[in-house]
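Undergrad: Residue numbers (the UniProt record's numbering): 1 to 127.
1. For residue 60 and residue 66, I'd like the C-alpha separation in whole angstroms.
2. Check whether the Cβ of residue 113 lies closer than 8 Å to any Cβ atom in chain C.
3. Could you check where the alpha helix (DSSP H) with residue 3 kicks off and where it finishes?
4. Using three-state DSSP, classify residue 134 as helix, strand or coil.
5. Taking just the CA atoms, how far does residue 68 sit from residue 144?
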């Protein structure tokens, strides 16, 4: 039995070393697994971030188009209002001119009638 003791001790040491080595390998495998999982999660996050960025870019372009369209429509409306107000202003100016001309004609007629009346009065006084 004594002759097997050194072999058993060596075998026991080898088993201990094998167990330690397996534990280290298992620990490294867990670390590697954790790194792979972290890498996969990072990739997923980057993919999602890329999708969000793409969506934001599309929305931004859409908003810019809508903003340009709205400003264009507002400018068109403003031009139409200005044109309408100018037409009204021109119409009012024309009406004022017509009214002034009518008043001048009426004034002329009244003056003419007054002169006629004055002549008749003078004629009547002479008679």
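No residue lacks a Cβ here, since even glycine has one placed at the ideal position from N, Cα and C. Just so you know, these numbers come straight off a predicted model, no measurement behind them.
TA: Taking the structure as given:
1. Here residue 60 refers to the residue found at position 60 of the chain shown. Here residue 66 refers to the residue found at position 66 of the chain shown. Taking the straight line joining both Cα atoms gives about 10 Å.
2. The chain labelled as chain C is not found in the depicted structure, where only one protein chain is given.
3. Walking along the chain shown from the start, residue 3 turns up at place 3. Here residue 3 belongs to no alpha helix (DSSP H), and DSSP marks it neither H nor E.
4. Past the edges of the chain, shown from 1 to 127, lies residue 134, and the structure says nothing about it.
5. Not covered by the structure: residue 144. The range shown for the chain is 1 to 127.
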